[in-house]
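Okay, structure first, notes after.
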Ligand SMILES: Cc1cc2nc3c(=O)[nH]c(=O)nc-3n(C[C@H](O)[C@H](O)[C@H](O)COP(=O)(O)OP(=O)(O)OC[C@H]3O[C@@H](n4cnc5c(N)ncnc54)[C@H](O)[C@@H]3O)c2cc1C
Ligand SMILES: Cc1cc2nc3c(=O)[nH]c(=O)nc-3n(C[C@H](O)[C@H](O)[C@H](O)COP(=O)(O)O)c2cc1C
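Residue numbers (this note's numbering): 195 to 641.
Quick look at the structure:
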């Protein structure tokens, strides 16, 4: 009997050892299988914050370069980096510009409020940061500097020191491209200068739109090109005027549509504090008709209508900012697409400064503009500025927003842009306006 028990115990132990052996082999196999199933290199994330499209274009080029190197990559707006996403991402490339007075671009305001205000453990995160700005503004690259400081405070580790870009400086961008190629472990990088060449355009027409105005002259300018592929842009895009290698090109909103086979602009002659004429606007005001200038079209995604195309639209514009509204109205007229449009236009005097009056009234008669408010600050009306129209028409504005309207603001930053922003906050509320911005329903092209 004792002998039997002993034999049973021995058999049980052998079985147990065998089962343990099987289990450990199974576990080891599973572990090594799961190791193989994890991608050899985890996905990179490229995030951008851009106002006028430069940072977005560089982010897309960055992502393309990584993809060509066989690296899995996701390119997204900075606003999508919520605190929980930030805590999961391990490899992050950031390309951000600075706007306003040292602020984040509008599209990143949600990130600033929701993520940049938090304390997070980001010790898992490695990142690199390309900060776009201009030394003509104070403080230089402020948003990039702020973001970099915050990331390091949260324990994230930079791959290399932040690269600051002054006015699209090609040396700094090339430095970024080289670091990137090194990180991706490749020599194969697409040409980043593709499709960015200026081409010659002939000045065909120049018309002073506001003779006798108390304000600086505003010109309607029209250019033609012999280049077969030149007519490719969409409503909302910008054109850059080259001033030669030593100077930063200047941006202008394109007023015409490609089917018109020309580029039209509204340009105000800029005077510096010294009384001198601005370089670009001065040149455009004086070059003889028939002469050529070097232009290139630049995508401006935040001012494309995109999904807002089917929403009611509210355009709040002043001065040359009218171009940003008129081009979309032209598009609506051309497409015979009628979504309710409310145009609020401000200038100094109706008699001299009602720019493109005939075209505006034509769209009103056609039902393209469903509501028009004009406000002239020097005509002694009770209301003087576009922001005052908003405050007076608060009920109407809220009703439009209730119906899903999107707001587009175009013109000068100081004065109008800031005044409109403050009025909208008063009417809608700070958080509600921030939400509209996150939803892409509050877009600004203010300069
Ligand atoms: C998105 C956008 C759209 C615009 N659309 C229009 C438009 O439709 N119509 C219009 O009239 N204007 C528009 N502008 C303004 C325009 O780009 C010019 O700023 C304006 O014409 C004055 O330029 P200027 O060269 O004549 O004057 P300048 O006095 O030579 O320059 C004016 C400003 O440009 C910057 N600047 C000057 N020199 C340099 C330099 N060497 N390097 C870098 N920056 C420098 C400074 O900020 C300066 O205050 C737009 C601007 C932006 C950003
Ligand atoms: C209205 C306006 C305000 C700007 N404010 C600043 C600023 O405060 N600091 C800075 O360094 N650059 C400033 N810039 C320069 C932009 O950051 C620079 O042009 C950048 O390349 C724009 O990139 P984006 O097209 O991706 O927005 C400003 C530009 C504009 C048009």
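Note that CB positions come from ideal geometry on N, CA and C, so glycine has one too.
Distance cut-off 7 angstroms: residue i Cβ against heavy atoms of ligand 1
i           : result
residue 643 : The structure shown does not extend to residue 643, since the chain is modelled only from 195 through 641, so no value can be given for it.
residue 473 : yes
residue 404 : no
residue 300 : no
residue 476 : yes
residue 615 : no
residue 432 : yes
residue 602 : no
Residue i: first and last residue of the uninterrupted beta strand (DSSP E) it sits in
i           : result
residue 320 : 320–327
residue 608 : Careful: residue 608 lies outside any beta strand (DSSP E) and carries neither H nor E.
residue 386 : Note, residue 386: premise wrong, no beta strand (DSSP E); not H, not E.
residue 637 : 636–640
residue 540 : 535–541
residue 499 : No beta strand (DSSP E) holds residue 499; DSSP gives it neither H nor E.
residue 509 : 507–512
residue 397 : 393–402
Which of helix, strand or coil DSSP assigns to residue i
i           : result
residue 270 : strand
residue 452 : helix
residue 602 : strand
residue 276 : coil
residue 462 : strand
residue 593 : helix
residue 238 : strand
residue 259 : helix
residue 563 : coil
residue 439 : coil
residue 353 : coil
residue 223 : At residue 223 the pLDDT is 45, less than 50, meaning the model places this residue with poor confidence; the figure from the coordinates comes in the next sentence. In this structure, residue 223 counts as helix in the three-state DSSP scheme.
residue 418 : strand
residue 366 : helix
residue 284 : coil
residue 342 : helix
residue 309 : coil
residue 206 : helix
residue 447 : strand
residue 481 : coil
residue 232 : Legend: pLDDT at residue 232 = 31, less than 50; position of this residue unreliable, value from coordinates given subsequently. DSSP places residue 232 in coil when its eight states are reduced to three.
residue 298 : coil
residue 332 : coil
residue 569 : strand
residue 471 : strand
residue 614 : helix
residue 424 : coil
Below-8 angstroms beta-carbon distance, residue i vs any chain B residue
i           : result
residue 272 : Although the question refers to chain B, the structure presented lacks it and comprises just one protein chain.
Proximity of residue i and residue j at Cβ, strictly below 8 angstroms
i           : j           : result
residue 534 : residue 506 : yes
residue 322 : residue 354 : yes
residue 238 : residue 206 : no
residue 386 : residue 457 : no
residue 445 : residue 432 : yes
residue 599 : residue 538 : no
residue 300 : residue 327 : no
residue 564 : residue 518 : no
residue 249 : residue 240 : no
residue 469 : residue 606 : no
residue 511 : residue 451 : no
residue 290 : residue 338 : yes
residue 496 : residue 245 : yes
residue 569 : residue 614 : no
residue 491 : residue 427 : yes
residue 460 : residue 499 : no
Residue i beta carbon near ligand 2 (any heavy atom closer than 7 angstroms)
i           : result
residue 326 : yes
residue 336 : yes
residue 244 : yes
residue 333 : yes
residue 436 : no
residue 446 : no
residue 291 : yes
residue 248 : yes
residue 649 : Look at the range of the chain in this structure, 195 to 641, and you will see that residue 649 is not part of it.
residue 641 : yes
Residue interval of the alpha helix (DSSP H) (run including residue i)
i           : result
residue 580 : 580–586
residue 490 : Counting along the chain, residue 490 falls outside any alpha helix (DSSP H), though it belongs to the beta strand (DSSP E) covering 486–492.
residue 431 : Segment: none, residue 431 is in no alpha helix (DSSP H) and carries neither H nor E.
residue 545 : 544–547
residue 632 : 624–632
residue 524 : 516–529
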